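Chemist: Positions in the sequence shown are counted from 1; adding 4 to them yields my numbering.
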Amino acid sequence: MTEINKFELLGLSPKALKAIKQKGFEEPSAIQELTIPVMLRNDTNIIAQAQTGTGKTAAFGLPLIDLIDERKTEVQALILTPTRELAIQVAEEINSLKGTADLRIIPIYGGQSIDEQLRRLKRGVHIVVGTPGRIIDHIGRRTLNLADIDHLIVDEADEMLNMGFIEDLEEIMKHTNANKRTLLFSATMPMRIRDLAKKYMADHEFISVKHQQLTTSLTEQIYYEVRGSEKFEALTRIIDIEEDFYGLVFCRTKNDVDDVTARLIDRGYDADAIHGDISQSQREKTLSKFKSKKINVLVATDVAARGIDVNNLTHVINYSLPQDPEAYVHRIGRTGRAGNQGTAITFITPSEYSQLMFIQRIAKTDIKKSSVPNVRDIIKNKKKKISEELENLKTKTIDNLYQDWAEKLLEDNNPTEMLAQLLYHSFNKDLDPAIYSNIQASSDRGARISMEGKTRLFVAMGKKDRTTKDKLINFIVENTRINPATIDQVDVYENFSFITVGFDEAETILRFFKKTSGRNKPLVVKAKEKP
Ligand code: ADP
5 MTEINKFELL GLSPKALKAI KQKGFEEPSA IQELTIPVML RNDTNIIAQA
55 QTGTGKTAAF GLPLIDLIDE RKTEVQALIL TPTRELAIQV AEEINSLKGT
105 ADLRIIPIYG GQSIDEQLRR LKRGVHIVVG TPGRIIDHIG RRTLNLADID
155 HLIVDEADEM LNMGFIEDLE EIMKHTNANK RTLLFSATMP MRIRDLAKKY
205 MADHEFISVK HQQLTTSLTE QIYYEVRGSE KFEALTRIID IEEDFYGLVF
255 CRTKNDVDDV TARLIDRGYD ADAIHGDISQ SQREKTLSKF KSKKINVLVA
305 TDVAARGIDV NNLTHVINYS LPQDPEAYVH RIGRTGRAGN QGTAITFITP
355 SEYSQLMFIQ RIAKTDIKKS SVPNVRDIIK NKKKKISEEL ENLKTKTIDN
405 LYQDWAEKLL EDNNPTEMLA QLLYHSFNKD LDPAIYSNIQ ASSDRGARIS
455 MEGKTRLFVA MGKKDRTTKD KLINFIVENT RINPATIDQV DVYENFSFIT
505 VGFDEAETIL RFFKKTSGRN KPLVVKAKEK P
């Protein structure tokens, strides 16, 4: 597309722009557009009101990467997060955005070995992402010097307040130099946070994302709660259960668009992709194929889908959650046009539930929970469709050769058996339930969204041990015989992983690994902080 890249207007370095491209971001989110230029322009403190999932991390992370002096190996920025999980996520996200910059970013949180943290701190670190308790620990031990930092970033300040970390936060602030810049991000601005800001951030710029007046179309809107690894399967089921699926599938990054499209084509679907790296002529070709229904699935980023003018879509699928309510309304506005009936389906992982509720509230709309079509129903529908097609064929005249052939076969064989064999031969591949992989029925896990009755476990095994989500689940299930459906929110990092399970399952798992561990420390332990 010839459209200019809006990231280029924010003042970021060419290096940063390259990293952004590699990451697959096409356009800054609202909070990024507001925060990045301010952060790059001057040293002013910033208070920013923004929800989770809006791209806050990149909003402060990208300018931070540009502002940090690689050659100095002292800590130049401290990012505080309320939970260890968030600390890890933020560190990983910044790492993934640093491109070729020679920066070391480490997460520091309770529950992880202090010795390991000390080793890493000694090696020289530019950015520390930490939870308050453990940071105070290090301050006390004089193993972390915060008296000469350039940036202090407080992420999810209201969550810190909710979790009782506000005194810790003040304590940490007191140990930092006065001439740093402070950024505070919070979804809400309760009194206590405003007081804190007044006290420690006298001069500041206030940034908040204004939401437009939104009206959604009359499209039927539903959501499915699925794991990240189940999204693709859910998508194929939606396409398969429909008589004539004709839809747009939205992903947040170019990389995801390419990935989903390749997998769809591999499974035999008529799909194609559009995003910002696709040439104008290719884009036009793809759109014309989509309009003439030569392909019935078009996978797109938000930016690339702008200006597509197709009226009769049956579906819009939010494969990844849109970054804000505006993007949601934009996306789903592509179906249900011109009096046509359409359905918008949004996939969310359990941790995205609150973001969806936020979108629903701002977009003043009603998004109903539903469940992914089950395989039996899909196969029933496919059979119905085949039967209809066969019915329609009756009117077609065909060569006598086939008539004679059929008569001969029926003379020699049982007609029902003969026809069954023929159907099996022609359609078995399509009707075989084995082409679908397992999805946890969403009704079985209505409680999954809420963390009540659940425990977060830390597993001392990560990517470096060649583990993956599936392998980790299998490993635990094989050893403990717990029901795999009860394992949730599996996050695999370089050196370790986290899973969430019910209390009972947690007991079983912990007991098993305590018993079998020949190591000094059990392989699985309870995570220290709230998930
Ligand atoms: P927050 O910190 O606000 O909770 P994140 O920074 O974790 O949100 O962003 C949520 C997701 O959106 C991440 O997967 C991130 O990589 C992605 N993301 C962030 N900014 C963009 C962008 N401009 N375009 C596409 N995806 C983005």
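The beta-carbon is built from N, C-alpha and C at its ideal position, and this holds for glycine as well.
It should be emphasised that the depicted structure is a prediction, and the values quoted were computed from it without experimental measurement.
1) Using a threshold of 6 Å, is the CB atom of T56 nearer than that to any non-hydrogen atom of ligand 1?
2) Within the segment 39-125, note down every full alpha helix (DSSP H) run reaching 4 residues or more, in order along the chain.
3) Helix, strand or coil: how does DSSP classify H215 here?
4) Check whether the Cβ atoms of A91 and P67 sit closer than 7 Å, and answer yes or no.
5) Helix or strand or just coil, what does DSSP make of G137?
6) To test your reading of the DSSP string, which unbroken alpha helix (DSSP H) runs of 4 or more residues are found completely within the segment 185-246?
7) Bridge partners for D276 per DSSP, in chain order?
8) Can you give me the C-alpha to C-alpha distance between M43 and G280, rounded to a whole angstrom?
9) Taking Cβ positions, are I352 and Q225 nearer each other than 7 Å?
10) I need the straight-line Cα distance from K19 to E12, nearest angstrom please.
11) Would you call Q286 buried or exposed, if buried means 16 or more other Cβ atoms sit within 10 Å of its Cβ?
12) Would you please state the rounded distance, in angstroms, between the beta carbons of I153 and T223? I believe it to be under 8 Å.
13) Figure out for me which residue from L413, Y357, N396, I480 has the closest Cα to the Cα of E229.
14) Taking DSSP as the reference, what is the three-state secondary structure of F479?
15) Just the C-alpha distance for I349 and D381, rounded to the nearest angstrom, thanks.
16) Who pairs with R460 in a beta bridge, going by DSSP?
17) How far does the alpha helix (DSSP H) with L268 in it extend, from its first residue to its last?
18) At a cut-off of 6 Å, is K25 close to ligand 1 when judged by its beta-carbon and the heavy atoms of the ligand?
19) Helix, strand or coil: how does DSSP classify D448 here?
20) Does the segment 48-56 come close enough to the segment 203-218 that 3 or more CB-CB pairs lie under 8 Å?
21) Please list the terminal residues of the continuous beta strand (DSSP E) segment that includes V376.
22) Using C-beta distances below 8 Å, list every residue in its chain close to R506, excluding the 5 sequence neighbours before and after it, in chain order.
23) Which whole-angstrom value is the C-beta distance of A161 and S117, which I expect to be below 8 Å?
24) Give a yes or no on whether the C-beta atoms belonging to V79 and T85 are separated by under 7 Å.
25) Within the continuous alpha helix (DSSP H) that includes H429, where are the two ends?
26) Is it the case that the Cβ atoms of V376 and I443 are separated by a distance below 7 Å?
27) Are the beta-carbon atoms belonging to I366 and P329 less than 7 Å from one another?
28) With DSSP collapsed to three states, give me the class of Q327.
29) Excluding the five sequence neighbours on either side, which residues of its own chain have a C-beta within less than 6 Å of the C-beta of H130, listed in chain order?
30) Please state whether DSSP places H130 in a helix, a strand or coil.
31) My guess is that N300 and F254 are in contact by the Cβ rule of under 8 Å, so how many angstroms apart are they, rounded?
32) Need the endpoints of the alpha helix (DSSP H) that L414 sits in, please.
33) Under 7 Å, do V463 and S430 count as touching if we go by C-beta distance?
34) At a cut-off of 6 Å, is P231 close to ligand 1 when judged by its beta-carbon and the heavy atoms of the ligand?
35) Quick check on the DSSP output: the beta strand (DSSP E) that includes D492 runs from which residue to which?
Modeler: Let me lay it out:
1) Position 52 of the sequence shown holds residue 56. T56: yes, Cβ under 6 Å from ligand 1.
2) Within the segment 39-125, the complete alpha helix (DSSP H) runs of at least 4 residues are 60-71, 88-101.
3) In the sequence shown, the residue the question calls residue 215 occupies position 211. Coil, per DSSP.
4) For the purposes of this step, residue 91 is taken as residue 87 along the sequence shown, with counting starting at 1. For the purposes of this step, residue 67 is taken as residue 63 along the sequence shown, with counting starting at 1. Not closer than 7 Å, so no.
5) As a position in the sequence shown, residue 137 is number 133, starting the count at 1. Helix, per DSSP.
6) Fully contained in the segment 185-246 are the following alpha helix (DSSP H) runs of length 4 or more, in chain order: 195-204, 235-245.
7) Indexing the sequence shown from 1 puts residue 276 at position 272. Bridge partners of D276: L302.
8) Taking the sequence shown and counting its residues from 1, the one referred to as residue 43 is at position 39. Taking the sequence shown and counting its residues from 1, the one referred to as residue 280 is at position 276. In a straight line, the C-alpha of M43 is about 26 Å away from that of G280.
9) Mapped onto the sequence shown, residue 352 falls at position 348. Mapped onto the sequence shown, residue 225 falls at position 221. In this structure, Q225 does not lie closer than 7 Å to I352 by Cβ.
10) Stepping through the sequence shown from its first residue, residue 19 is reached at position 15. Stepping through the sequence shown from its first residue, residue 12 is reached at position 8. Near 11 Å, if we compare the C-alpha coordinates of E12 and K19.
11) The sequence position of residue 286 within the sequence shown is 282, counting from 1. Within a 10 Å sphere around the beta-carbon of Q286 sit fewer than 16 other beta-carbons, which makes this residue exposed.
12) Along the sequence shown, one-based indexing puts residue 153 at 149. Along the sequence shown, one-based indexing puts residue 223 at 219. That pair is no contact at about 49 Å.
13) Here residue 229 refers to the residue found at position 225 when the sequence shown is read from its first residue. Here the closest residue by C-alpha is Y357.
14) One-based indexing of the sequence shown puts residue 479 at position 475. If DSSP states are grouped into helix, strand and coil, F479 belongs with the helices.
15) For the purposes of this step, residue 349 is identified with residue 345 of the sequence shown, where counting begins at 1. For the purposes of this step, residue 381 is identified with residue 377 of the sequence shown, where counting begins at 1. The alpha-carbon atoms of I349 and D381 are separated by roughly 18 Å.
16) Residue 460 sits at position 456 when you count from the first residue of the sequence shown. Beta-bridge analysis with DSSP links R460 to T504.
17) Position 264 of the sequence shown holds residue 268. Element bounds for L268: 258-270.
18) Residue mapping note: residue 25 aligns to position 21 of the sequence shown, counting from 1. Checking every heavy atom of ligand 1 against the Cβ of K25, none is found closer than 6 Å.
19) Taking the first residue of the sequence shown as position 1, residue 448 is located at position 444. In this predicted model, D448 has a pLDDT of only 43, less than 50, meaning its place in the structure is not dependable enough to derive any value.
20) The segment 203-218 and the segment 48-56 touch, with no fewer than 3 CB-CB distances between them shorter than 8 Å.
21) For the purposes of this step, residue 376 is taken as the residue at position 372 of the sequence shown. Unbroken run through V376: none, as it is neither H nor E.
22) Translated into positions along the sequence shown, residue 506 becomes position 502. Checking the sequence shown, residue 506 turns out to be Gly, not Arg. Excluding positions up to five away in sequence, the list reads G457, K458, T459, T490.
23) In the sequence shown, residue 161 corresponds to position 157, counting from 1. In the sequence shown, residue 117 corresponds to position 113, counting from 1. 28 Å between Cβ atoms; not a contact.
24) Counted from its first residue, the sequence shown places residue 79 at position 75. Counted from its first residue, the sequence shown places residue 85 at position 81. Judged by their CB atoms, V79 and T85 are not nearer to each other than the 7 Å cut-off.
25) Start at 1 with the first residue of the sequence shown, and residue 429 comes out as number 425. Its alpha helix (DSSP H) spans residues 419-435.
26) For the purposes of this step, residue 376 is taken as residue 372 along the sequence shown, with counting starting at 1. For the purposes of this step, residue 443 is taken as residue 439 along the sequence shown, with counting starting at 1. Less than 7 Å divides the Cβ of V376 from the Cβ of I443.
27) Reading the sequence shown from its first residue, position 362 is the one you call residue 366. Reading the sequence shown from its first residue, position 325 is the one you call residue 329. Yes, the Cβ-Cβ distance between I366 and P329 is below 7 Å.
28) In the sequence shown, residue 327 corresponds to position 323, counting from 1. It is coil, neither helix nor strand.
29) The sequence position of residue 130 within the sequence shown is 126, counting from 1. These residues qualify, in order along the chain: I72, Q80, L107, R108.
30) For the purposes of this step, residue 130 is taken as residue 126 along the sequence shown, with counting starting at 1. Looking at H130 - three-state DSSP - the assignment turns out to be coil, as it is neither helix nor strand.
31) Sequence index remark: in the sequence shown, residue 300 carries index 296 (1-based). Sequence index remark: in the sequence shown, residue 254 carries index 250 (1-based). Taking 8 Å as the upper bound for CB-CB distance, N300 and F254 are not in contact here, some 16 Å apart.
32) Position 410 of the sequence shown, counting from 1, holds the residue named residue 414. Looking at the DSSP string, the run of the alpha helix (DSSP H) that includes L414 is 404-416.
33) Taking the sequence shown and counting its residues from 1, the one referred to as residue 463 is at position 459. Taking the sequence shown and counting its residues from 1, the one referred to as residue 430 is at position 426. It is not a contact, given that the beta carbons lie outside the stated cut-off.
34) If you number the sequence shown from 1, residue 231 lands on position 227. In the sequence under discussion, the amino acid at residue 231 is Arg, which differs from the Pro named in the question. For R231, the shortest C-beta to heavy atom distance toward ligand 1 is 6 Å or greater.
35) Residue numbering aside, residue 492 sits at position 488 when the sequence shown is read from its first letter. Per DSSP, the unbroken beta strand (DSSP E) holding D492 starts and ends at 492-496.
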